[in-house]
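The next block holds one structure in the form of structure tokens; read it before the comments.
Protein chains: 2
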Amino acid sequence: MPRTVVALGGNALTKPGGEHDWAEAVERMRLTAGSLAQVVKDGHELVVTHGNGPQVGAALRQNEIAEREVPARPLAILNAETEGQLGLLIAQELAPALRRAGVPRTVLAMVTLVEVRPGDRAFKRPTKPIGRFYTEAEARLFRKRASWAMSFDGARGGWRRLVPSPVPVAWVEGEAVRRLFDAGIGRQVVLVAGGGGGVPVVRRRDGRLEPVDAVVDKDLTSALIAEVVGAETLVIVTDVPAVAVGFQKSWERWLGEVTSRELGRLLAQGEFGAGSMAPKVEAALQFLRRGGRRVIITDIPSLRRGLRGEAGTRISAR
Amino acid sequence: MPRTVVALGGNALTKPGGEHDWAEAVERMRLTAGSLAQVVKDGHELVVTHGNGPQVGAALRQNEIAEREVPARPLAILNAETEGQLGLLIAQELAPALRRAGVPRTVLAMVTLVEVRPGDRAFKRPTKPIGRFYTEAEARLFRKRASWAMSFDGARGGWRRLVPSPVPVAWVEGEAVRRLFDAGIGRQVVLVAGGGGGVPVVRRRDGRLEPVDAVVDKDLTSALIAEVVGAETLVIVTDVPAVAVGFQKSWERWLGEVTSRELGRLLAQGEFGAGSMAPKVEAALQFLRRGGRRVIITDIPSLRRGLRGEAGTRISAR
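Protein chains in written order, with the working numbering: chain C, 498 to 815; chain U, 498 to 815.
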């Protein structure tokens with residue numbers, strides 16, 4: 498059976514603006530679960546990874562508001578909490594959907610730790626905006642009080658905290674999970690892993706794993722997970738049905754079949770948005786460089802047809 | 498190899514009053530991890546379960562304080578979040594401790610769903626106090642506004658919210674996990690499951706799993722998990738080295754070897770505290786009734802000697 502990793506973006510889990518409403522998240526996830534169940538029905542062994550931007554944003558805000566009475570927890574710990582929260586959301590909807598589709602599986606959501614290098618240059622230059630928007634006065638305060646890096650978002654008229662986004666170099670639980678897949682776990686279990694890119698940890702000299710205040714790109718972690726479990730295909734689920742060249746310009750062109758070489762050239766030409774499509778393309782290219790066969794970038798409605806080669810952007814290794 | 502489930506109480510994870518301080522939790526967990534690693538070194542296949550009372554209390558408080566800006570999430574979802582939080586805490590300290598002890602294992606923390614019956618009488622009569630203390634005026638407000646059941650704690654002079662504590666009748670992921678243990682996962686992996694008693698869900702007629710506002714007793718869930726994975730021994734870790742008869746009375750007597758029949762008689766005589774030792778004894782008796790060989794009730798310092806039959810209260814099946 499083909500082994501497939503599907504990386505769910507924020508919108509597959511919650512409606513934009515609806516990230517605070519659990520009932521809405523359940524409804525959205527139910528639709529996503531129906532599509533994922535069809536993928537299993539089509540014969541795929543499935544691993545699901547997912548983002549957590551809106552959820553970790555809400556948790557940060559709660560920590561901030563309540564901190565005089567309940568000390569705030571570090572970012573990495575909040576990340577682990579969203580793995581629990583969204584692991585539950587995915588499991589509660591996906592397990593019944595699989596049963597309805599006639600392919601019962603156990604959905605097993607796990608806490609994922611990813612090792613990052615303490616010397617990763619991302620720690621010197623934080624680039625990933627997280628949490629809410631601040632006024633200029635607030636930005637000045639947090640810069641001073643908490644040594645936060647802050648950046649001004651002109652389009653939305655506010656300041657945001659920047660955190661490092663280091664590269665995931667190893668999946669802490671990876672070897673054990675790979676053995677489970679070698680032993681056939683994929684026929685009975687849908688694994689949910691790598692939520693929010695995983696909890697970033699650095700390995701100290703005494704061997705201890707120390708969570709760090711950073712956010713790992715969920716698509717890079719998904720590529721790593723796909724590599725470790727020996728998946729043929731990585732699907733990056735996003736808001737658009739495919740990757741576009743000249744996105745929203747008059748010469749816009751949607752990519753169908755494309756080689757990694759071609760896509761790499763377009764990436765180098767600056768064709769893809771820095772905070773949006775470029776990291777997805779980079780994760781795709783990484784997976785294909787390291788032995789993956791195929792990456793599909795598409796949205797939930799096109800997921801099944803994408804895997805059949807009939808929709809989405811389908812990137813081959815050469 | 499003997500298979501052993503160790504159920505960690507709150508104090509094995511955090512110091513009393515120190516539940517809000519992540520650095521303190523890490524320190525406390527480091528000590529606990531050292532003891533657990535010795536158990537693995539002594540040849541046990543290990544599954545770790547754990548409570549989450551102080552952590553879910555902190556999360557409830559944050560939700561309450563921040564709710565005008567960030568809508569509060571349901572209790573079951575907060576429970577899943579603490580599974581992520583404490584799963585990380587256990588994994589980050591236990592994995593290195595196992596390596597140092599010369600018995601490297603992958604620590605795999607999973608989100609656990611437990612099925613409860615919608616008709617469980619606990620839903621009609623909530624008994625489990627959670628979260629903070631309220632004044633009488635607040636108690637009246639929440640009773641009216643949110644239909645909370647509330648009870649007055651005379652000793653600590655305040656009102657607390659009561660939630661139902663239904664019986665866990667099935668472990669949703671149990672069958673798949675049992676197969677993994679049958680296939681030998683216990684030699685490579687230490688599983689962390691059943692955190693906070695698991696997330697209680699009811700199965701709706703259409704097959705959907707719906708999280709409910711309740712708290713499942715972590716020791717009953719631990720007994721269920723021990724049964725499902727075919728453990729010989731369940732260890733319930735608490736604050737005292739053993740079970741006492743006449744606890745803190747002049748005729749206080751600590752129990753060493755005891756049969757389940759004898760312990761059942763003492764339980765029926767009302768020897769054990771309702772909110773403290775009685776539920777542990779009930780969980781112990783349930784595990785032994787359903788095929789378990791041995792239950793040990795002890796604290797972290799006595800854990801290893803308890804498993805060797807040299808400390809703690811050791812309960813045999815007959």
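No residue lacks a Cβ here, since even glycine has one placed at the ideal position from N, Cα and C.
Using a Cβ-Cβ cut-off of 7 Å, R805 of chain C does not count as an interface residue toward chain U, since no Cβ of chain U sits closer than that to its own. Contact residues of the segment 584–609 of chain U toward chain C are G584, L585, A588, Q589, A592, P593, R596, R597, T603, L605, A606, M607 and V608 (C-beta to C-beta distance below 7 Å).
Taking C-alpha positions only, L586 of chain C is separated from G727 of chain U by approximately 28 Å. Around the CB of G506 of chain U, 16 or more other CB atoms lie within 10 Å, so the residue is classed as buried. T579 of chain U carries a helical assignment under DSSP once its states are collapsed to helix, strand and coil. In the three-state reduction of the DSSP assignment, S648 of chain C falls in the strand class.
Taking all protein chains shown into account, K538 of chain C has fewer than 16 neighbouring C-beta atoms within 10 Å of its C-beta and is therefore exposed. Taking 7 Å as the cut-off, the Cβ atoms of S719 of chain U and V545 of chain U do not count as close. With contacts defined by Cβ atoms closer than 7 Å, L575 of chain C and A534 of chain C do not form a contacting pair. Within the segment 777–811 of chain C, contact with chain U at the beta-carbon level (separation under 7 Å) is assigned to no residue. Cβ neighbours of R676 of chain C within its own chain (closer than 7 Å, five residues either side excluded): none.
Residues P738, A739, I793, I794, T795, S799 and G803 of the same chain have their beta carbon placed closer than 7 Å to that of G809 of chain U, with the five preceding and five following residues left out of the count.
Closer than 7 Å at the C-beta level to chain U, one finds these residues of the segment 546–557 of chain C: A555. Here the segment 617–630 of chain C lies against the segment 639–652 of chain C, with 3 or more beta-carbon pairs under 8 Å apart.
In the structure shown, the three-state DSSP call for G550 of chain C is helix.
Under the Cβ distance rule, G704 of chain C counts among the residues neighbouring chain U, one pair being separated by less than 7 Å. By DSSP's assignment, T730 of chain U forms a beta bridge with U:T501 and U:R791. Looking only at C:T529, C:E779, C:A814 and C:P601, the smallest Cα-Cα distance to Q685 of chain C is reached by C:P601.
With distances taken between CA atoms, S532 of chain C lies nearest to C:R801 out of C:R705, C:E564 and C:R801. In the DSSP secondary-structure assignment, G770 of chain U is not bridged to any residue.
Contact between the segment 689–698 of chain U and the segment 654–673 of chain U is established, with three or more Cβ pairs separated by less than 8 Å. Secondary structure of K625 of chain C (DSSP, three-state): strand.
In the structure shown, the three-state DSSP call for R653 of chain C is coil.
At least one C-beta of chain C is nearer than 7 Å to the C-beta of Q559 of chain U. In the same chain as R762 of chain U, and ignoring 5 residues on each side of it, no C-beta atom comes closer than 8 Å to its own. Cβ proximity to chain U below 9 Å picks out G692, V696, V698, R700, R701, D703, G704, R705, L706, E707 and P708 from the segment 692–720 of chain C. Annotation: the continuous alpha helix (DSSP H) that includes S532 of chain C extends over W519 to K538.
For W668 of chain U, there are no C-beta contacts with chain C under 7 Å, since the nearest C-beta of that chain is about 10 Å from it.
Distance from the Cα of A690 of chain U is smallest, within the candidate group U:T632, U:E670 and U:A592, for U:E670.
Straight across, the Cα-Cα distance linking I562 of chain U with I812 of chain C is about 48 Å. Within chain U, the residues placing a beta-carbon under 7 Å from that of E566 of chain C are R558 and I562, ordered along the chain. Cβ contact annotation for L706 of chain C (same chain, cutoff 8 Å, sequence separation greater than five): L610, E612, V669, V698, V699 and R700, in chain order. DSSP places F630 of chain C in the strand class (E or B) of the three-state scheme. About 13 Å separates the CB atoms of Q582 of chain U and V567 of chain C; that is not less than 8 Å, and the two are not in contact.
For V686 of chain U, the chain C residues whose Cβ falls inside 7 Å of its Cβ are A673, in order along the chain. By the criterion of a C-beta distance shorter than 6 Å, R787 of chain U is surrounded in its chain by E724, once the five residues flanking it on both sides are discounted.
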